[in-house]
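Top line first, the protein sequences correspond to chains B and E. This note's numbering puts the first sequence at residues 131 to 476. This note's numbering puts the second sequence at residues 131 to 476. Data block below; observations after.
Number of protein chains: 2
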Amino acid sequence: MKDVSPSAVVKILEGEALWPPPVWLMRQAGRYLPEYRSLRAKAGNFWTMCNDPAMAAEITLQPIRRFGLDAAIIFSDILTVPNALGVPVRFEEGEGPVLDAVASLDGLERDPDVWAEKLSPAYETLRRVRGALGPETAVLGFAGAPWTLATYMAEGGGSSDQRAAKLWSYRNADSFSRLLALIGDCVSRHLIAQLDAGADAVQIFDSWASGLPKRQFEDWVIAPTRRIVQQVRAARPGACIIGFPRAATLEGYRRYAEHTGVNAVSVDTAMPMAWAAENLSPQVAVQGNLDPIALIAGGSALRSAVDEIVTAFSGKRLIFNLGHGVLPETPPDHVAALLELVRAAR
Amino acid sequence: MKDVSPSAVVKILEGEALWPPPVWLMRQAGRYLPEYRSLRAKAGNFWTMCNDPAMAAEITLQPIRRFGLDAAIIFSDILTVPNALGVPVRFEEGEGPVLDAVASLDGLERDPDVWAEKLSPAYETLRRVRGALGPETAVLGFAGAPWTLATYMAEGGGSSDQRAAKLWSYRNADSFSRLLALIGDCVSRHLIAQLDAGADAVQIFDSWASGLPKRQFEDWVIAPTRRIVQQVRAARPGACIIGFPRAATLEGYRRYAEHTGVNAVSVDTAMPMAWAAENLSPQVAVQGNLDPIALIAGGSALRSAVDEIVTAFSGKRLIFNLGHGVLPETPPDHVAALLELVRAAR
Numbered sequence: 131m132k133d134v135s136p137s138a139v140v141k142i143l144e145g146e147a148l149w150p151p152p153v154w155l156m157r158q159a160g161r162y163l164p165e166y167r168s169l170r171a172k173a174g175n176f177w178t179m180c181n182d183p184a185m186a187a188e189i190t191l192q193p194i195r196r197f198g199l200d201a202a203i204i205f206s207d208i209l210t211v212p213n214a215l216g217v218p219v220r221f222e223e224g225e226g227p228v229l230d231a232v233a234s235l236d237g238l239e240r241d242p243d244v245w246a247e248k249l250s251p252a253y254e255t256l257r258r259v260r261g262a263l264g265p266e267t268a269v270l271g272f273a274g275a276p277w278t279l280a281t282y283m284a285e286g287g288g289s290s291d292q293r294a295a296k297l298w299s300y301r302n303a304d305s306f307s308r309l310l311a312l313i314g315d316c317v318s319r320h321l322i323a324q325l326d327a328g329a330d331a332v333q334i335f336d337s338w339a340s341g342l343p344k345r346q347f348e349d350w351v352i353a354p355t356r357r358i359v360q361q362v363r364a365a366r367p368g369a370c371i372i373g374f375p376r377a378a379t380l381e382g383y384r385r386y387a388e389h390t391g392v393n394a395v396s397v398d399t400a401m402p403m404a405w406a407a408e409n410l411s412p413q414v415a416v417q418g419n420l421d422p423i424a425l426i427a428g429g430s431a432l433r434s435a436v437d438e439i440v441t442a443f444s445g446k447r448l449i450f451n452l453g454h455g456v457l458p459e460t461p462p463d464h465v466a467a468l469l470e471l472v473r474a475a476r
Numbered sequence: 131m132k133d134v135s136p137s138a139v140v141k142i143l144e145g146e147a148l149w150p151p152p153v154w155l156m157r158q159a160g161r162y163l164p165e166y167r168s169l170r171a172k173a174g175n176f177w178t179m180c181n182d183p184a185m186a187a188e189i190t191l192q193p194i195r196r197f198g199l200d201a202a203i204i205f206s207d208i209l210t211v212p213n214a215l216g217v218p219v220r221f222e223e224g225e226g227p228v229l230d231a232v233a234s235l236d237g238l239e240r241d242p243d244v245w246a247e248k249l250s251p252a253y254e255t256l257r258r259v260r261g262a263l264g265p266e267t268a269v270l271g272f273a274g275a276p277w278t279l280a281t282y283m284a285e286g287g288g289s290s291d292q293r294a295a296k297l298w299s300y301r302n303a304d305s306f307s308r309l310l311a312l313i314g315d316c317v318s319r320h321l322i323a324q325l326d327a328g329a330d331a332v333q334i335f336d337s338w339a340s341g342l343p344k345r346q347f348e349d350w351v352i353a354p355t356r357r358i359v360q361q362v363r364a365a366r367p368g369a370c371i372i373g374f375p376r377a378a379t380l381e382g383y384r385r386y387a388e389h390t391g392v393n394a395v396s397v398d399t400a401m402p403m404a405w406a407a408e409n410l411s412p413q414v415a416v417q418g419n420l421d422p423i424a425l426i427a428g429g430s431a432l433r434s435a436v437d438e439i440v441t442a443f444s445g446k447r448l449i450f451n452l453g454h455g456v457l458p459e460t461p462p463d464h465v466a467a468l469l470e471l472v473r474a475a476r
């Protein structure tokens with residue numbers, strides 16, 4: 131479909147500068163929307179919803195219908211990859227995800243056909259979403275990055291300081307490196323299959339890239355991401371890839387932009403956008419970085435926060451987004467107001 | 131006592147470059163030490179221990195006796211200041227602190243005599259610690275920074291994204307600014323009183339300085355810290371102050387070093403130390419930044435992590451420390467090994 135008339139998001143990823151910038155929001159499908167909450171009340175479990183393509187497609191489309199955003203990102207979860215690798219994942223109401231913690235590569239699933247089978251709901255979701263939307267709306271697939279997925283797998287869930295993964299990497303860098311390579315192989319295949327199922331671009335979420343010493347950031351964030359980008363591009367030349375090494379240092383962001391090969395870098399709320407405009411652009415497009423809490427606040431705080439971002443990037447390759455996901459307390463009206471503000475940017 | 135023979139830490143803060151660098155560790159008194167655990171088993175509550183000068187002094191001295199560190203930081207807590215401001219603080223076993231959340235300045239204590247009375251255990255702890263140590267060991271006082279304390283006061287406890295404080299600041303910047311000024315007044319008096327009670331230097335912990343958009347970082351981290359530094363120096367000229375805007379962006383760290391007036395900036399684990407050596411030094415001394423998890427790991431991971439830091443700072447003004455506090459799982463032997471490594475630095 132890209133050949134017909136690429137969406138604004140794809141044009142930016144491929145190197146054009148469009149203004150005003152296109153806009154979508156991480157976690158734009160979710161609990162802040164009443165139509166999501168009513169589906170969720172029927173379906174119950176988050177994980178069930180992720181793995182039911184009819185429901186996941188409907189949820190993906192909800193914010194597009196309501197707001198006319200420039201991209202739809204499929205409703206899924208980064209933990210589908212550990213699940214495909216043979217690590218069961220459970221989501222309990224009101225708690226974070228729980229995994230069976232792993233301390234070695236023993237017993238991890240290595241058969242790509244099994245991965246594809248377990249990950250197949252995402253592909254069916256993508257086919258449905260791509261079929262339901264016109265070419266002006268980019269459809270995005272995604273996956274977690276190896277480092278971030280390893281933190282969940284080593285810890286058996288979320289963690290504030292990624293202790294288990296860091297300990298593993300410090301104590302046995304060789305086996306940790308093999309773990310990231312295995313995860314990376316699964317991620318690459320997952321991204322390729324999402325592109326084949328209709329994704330116009332894919333995003334790699336390294337949500338726990340913060341707090342890593344420089345050498346670890348090079349070894350566990352940049353190198354595994356570069357390997358994935360190379361694998362995906364070897365299979366699908368020209369594939370559009372967005373990377374999000376959340377809360378990396380500025381130097382980390384710069385090296386990520388220069389050395390991974392991604393088309394765009396998504397940046398967190400603390401990124402000074404004038405710095406990003408000067409140091410990341412034009413090497414890559416930049417995506418971000420409104421504070422999700424400014425979106426809850428709305429009003430003049432939202433206006434001035436949007437203004438700072440668009441002023442810093444005026445005329446450069448920007449995909450307007452948040453610095454993190456939409457929070458459940460967000461009034462939907464504020465999202466509509468945000469879109470008006472961004473689309474009025476001159 | 132500084133006049134007799136300043137400690138290595140004070141010499142560095144006052145502008146000398148000493149090598150090998152002095153070393154102390156954030157949370158060096160704590161649960162990883164068996165002698166701490168045995169005291170704690172008798173005393174029960176953390177908060178009780180903070181407010182009992184005999185016990186707090188003993189705990190402060192434990193790691194000095196065991197390891198001969200170059201500085202002793204008093205055993206206390208940043209939440210003593212909200213408590214002095216009339217916000218009760220409770221520590222439940224196995225949980226974080228709980229405060230009565232505040233949504234306005236109404237009812238906050240404004241009488242400096244009441245603050246001083248409530249904060250007096252820290253001063254008695256300092257007198258005891260200073261009396262027990264020779265001049266070669268620096269004695270450090272500390273306080274939380276206004277932004278970080280405001281996040282606890284607005285939220286009623288810890289928070290992963292500082293949502294309540296950010297919302298307050300976005301919705302009513304004027305009243306939030308008055309809140310930070312009130313907290314800042316209390317912090318300044320607390321730091322001055324600690325210097326008067328025997329502290330050779332004081333550290334301001336802005337533990338939640340991450341994730342702030344640039345303008346908020348300027349308004350809620352840099353400006354209130356500069357105001358405190360000015361208030362303390364107006365009362366005690368030449369006072370040595372270390373600031374720790376944890377996990378700020380590199381640009382944020384640079385502006386903090388240039389605009390707050392602190393003698394040293396403590397930097398987190400992700401800080402690339404070659405960057406710090408070039409961009410923060412010689413304006414300020416730099417303190418940091420070993421990964422506490424490398425200290426748990428020990429062995430070759432610890433050796434190479436220490437080596438990276440001392441190599442980047444060789445001959446410059448460094449106070450060797452962690453990038454965050456010592457974790458309870460840390461083997462005390464690894465702390466001893468760390469001290470040997472740092473003191474062998476050439």
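Every residue, glycine too, gets a C-beta built ideally from N, C-alpha and C.
Inter-residue spacing [alpha-carbon to alpha-carbon] between residue i and residue j
i                            : j                        : result
phenylalanine 221 of chain E : proline 461 of chain B   : 34 angstroms
glutamate 381 of chain B     : glutamate 144 of chain B : 24 angstroms
aspartate 241 of chain B     : arginine 356 of chain B  : 23 angstroms
alanine 427 of chain B       : leucine 163 of chain B   : 16 angstroms
serine 318 of chain B        : arginine 257 of chain B  : 19 angstroms
tryptophan 149 of chain B    : lysine 141 of chain B    : 11 angstroms
glycine 271 of chain E       : glutamine 333 of chain E : 6 angstroms
proline 402 of chain E       : arginine 195 of chain B  : 45 angstroms
leucine 191 of chain E       : alanine 466 of chain E   : 16 angstroms
methionine 185 of chain B    : alanine 173 of chain B   : 9 angstroms
tryptophan 298 of chain B    : aspartate 437 of chain B : 43 angstroms
arginine 447 of chain E      : glutamate 408 of chain E : 12 angstroms
isoleucine 372 of chain E    : alanine 424 of chain B   : 31 angstroms
lysine 132 of chain E        : valine 219 of chain E    : Its pLDDT being 45, under 50, lysine 132 of chain E is placed unreliably in this model, and the coordinates cannot settle the point.
glycine 216 of chain B       : proline 354 of chain B   : 20 angstroms
arginine 476 of chain B      : serine 444 of chain B    : 7 angstroms
Coarse secondary structure for residue i, derived from DSSP in three states
i                         : result
aspartate 421 of chain E  : coil
methionine 131 of chain B : Caution is warranted here: a pLDDT of 43 is assigned to methionine 131 of chain B, below 50, making its placement in the model unreliable, and the coordinate value is therefore given only provisionally. The answer is coil: DSSP assigns methionine 131 of chain B none of H, G, I, E or B.
serine 206 of chain B     : coil
proline 227 of chain E    : strand
alanine 273 of chain B    : strand
proline 462 of chain B    : helix
serine 305 of chain E     : helix
serine 396 of chain B     : strand
proline 218 of chain B    : coil
valine 127 of chain B     : A question about residue 127 of chain B goes unanswered here, because the residues of chain B that appear run from 131 up to 476.
proline 375 of chain E    : strand
alanine 233 of chain B    : coil
asparagine 451 of chain E : strand
alanine 475 of chain E    : coil
alanine 138 of chain B    : helix
glycine 391 of chain E    : coil
**Asked** Between the stretch 413–426 of chain B and chain E, which residues of the former have a C-beta closer than 9 angstroms to a C-beta of the latter?
**Response** Within the stretch 413–426 of chain B, the qualifying residues are Asn419, Leu420, Asp421, Pro422, Ile423, Ala424 and Ile426.
**Asked** Should the stretch 148–161 of chain E be regarded as contacting the stretch 229–239 of chain E, the criterion being three or more beta carbon pairs within less than 8 angstroms?
**Response** Segment contact: the stretch 148–161 of chain E against the stretch 229–239 of chain E, fewer than three CB-CB distances shorter than 8 angstroms; contact not assigned.
**Prompt:** Does the pairing of the stretch 248–264 of chain B with the stretch 286–293 of chain B give three or more beta-carbon distances under 8 angstroms?
**Reply:** Contact between the stretch 248–264 of chain B and the stretch 286–293 of chain B is absent, because fewer than three Cβ pairs lie under 8 angstroms.
**Prompt:** Is the number of C-beta pairs between the stretch 374–390 of chain B and the stretch 296–312 of chain B that are closer than 8 angstroms three or more?
**Reply:** Result no; under three Cβ-Cβ pairs closer than 8 angstroms.
**Item:** Where the stretch 141–170 of chain E meets chain B: residues whose CB sits under 7 angstroms from a CB there
**Value:** Answer in chain order: no residues at all.
**Request:** Examine the Cβ distances between the stretch 417–434 of chain E and the stretch 442–454 of chain E and report whether three or more of them are shorter than 8 angstroms.
**Result:** Three or more beta-carbon pairs separated by less than 8 angstroms link the stretch 417–434 of chain E to the stretch 442–454 of chain E, which places the two stretches in contact.
**Request:** Note down, in chain order, all residues in the stretch 294–321 of chain E with a beta-carbon under 9 angstroms from any beta-carbon belonging to chain B.
**Result:** Flagged, chain order: Lys296, Leu297, Ser299, Tyr300, Arg301 and Ala303.
**Request:** Please confirm if the stretch 233–240 of chain E is in contact with the stretch 199–206 of chain E, defined as three or more CB-CB distances below 8 angstroms between the two stretches.
**Result:** The stretch 233–240 of chain E makes no contact with the stretch 199–206 of chain E, as fewer than three CB pairs between them are under 8 angstroms.
**Prompt:** Going along the chain, which unbroken runs of the alpha helix (DSSP H) with 4 or more residues stay wholly within the stretch 145–173 of chain E?
**Reply:** Assignment of alpha helix (DSSP H) within the stretch 145–173 of chain E, counting only whole runs of 4 or more residues, yields 164–173 in chain order.
**Prompt:** What residues in the stretch 396–412 of chain B bring their beta carbon closer than 9 angstroms to a beta carbon of chain E?
**Reply:** Going along the stretch 396–412 of chain B in chain order, one finds Asp398, Thr399, Ala400, Met401, Pro402, Met403, Ala404 and Trp405 with a Cβ nearer than 9 angstroms to chain E.
**Message:** At 3 residues or longer, what runs of the beta strand (DSSP E) sit wholly inside the stretch 315–373 of chain E?
**Reply:** Within the stretch 315–373 of chain E, the complete beta strand (DSSP E) segments at least 3 residues long are 331–336, listed from N- to C-terminus.
**Item:** Contact the stretch 357–367 of chain E vs the stretch 382–393 of chain B: 3+ CB pairs below 8 angstroms
**Value:** No: the two stretches stay apart, fewer than three of their Cβ pairs being nearer than 8 angstroms.
**the stretch 272–287 of chain E contacting the stretch 326–342 of chain E, beta-carbon criterion three pairs below 8 angstroms** = With the cut-off at 8 angstroms, the stretch 272–287 of chain E and the stretch 326–342 of chain E touch.
**Prompt:** Along the stretch 353–387 of chain B, what residues have a CB closer than 9 angstroms to any CB found in chain E?
**Reply:** Under the 9 angstroms Cβ criterion, the stretch 353–387 of chain B contributes Ala377, Ala378, Thr379, Leu380, Glu381 and Gly382.
**Asked** When Cβ atoms are compared, which residues of the stretch 327–345 of chain B fall closer than 8 angstroms to chain E?
**Response** Here the close residues are Ser340, Gly341, Leu342, Pro343, Lys344 and Arg345.
**Request:** Pair every Cβ in the stretch 206–215 of chain B with every Cβ in the stretch 259–269 of chain B, then say whether three or more of these pairs are closer than 8 angstroms.
**Result:** No, because fewer than three Cβ pairs between the stretch 206–215 of chain B and the stretch 259–269 of chain B fall closer than 8 angstroms, the two stretches do not touch.
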